[in-house]
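In this note's numbering, the protein residues as written are 113 to 173.
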């Protein structure tokens, strides 16, 4: 049972992916998202959101 507010894992995953991409550029965005899904127990729908949100933030930088 998870006592975190709904969506907290997804927010943490977005932050984690962006930080990992910045400091560990040897991995692709897809690889980082797959790791985040396992680490933060995300659903396929969350994974799709994660991909879209990190792609947009990456283009904005």
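Virtual Cβ for every residue (Gly too), placed ideally from N, Cα, C.
**Asked** By Cβ distance below 7 Å, which residues in the same chain neighbour residue 146 in space, the five residues on each side in sequence not counted?
**Response** none
**Item:** Range covered by the alpha helix (DSSP H) that runs through residue 141
**Value:** 141-152
**Request:** Indicate the three-state DSSP secondary structure (helix, strand or coil) for residue 137 in the structure shown.
**Result:** coil
**Item:** Reduced DSSP secondary structure (H/G/I, E/B, other) of residue 165
**Value:** helix
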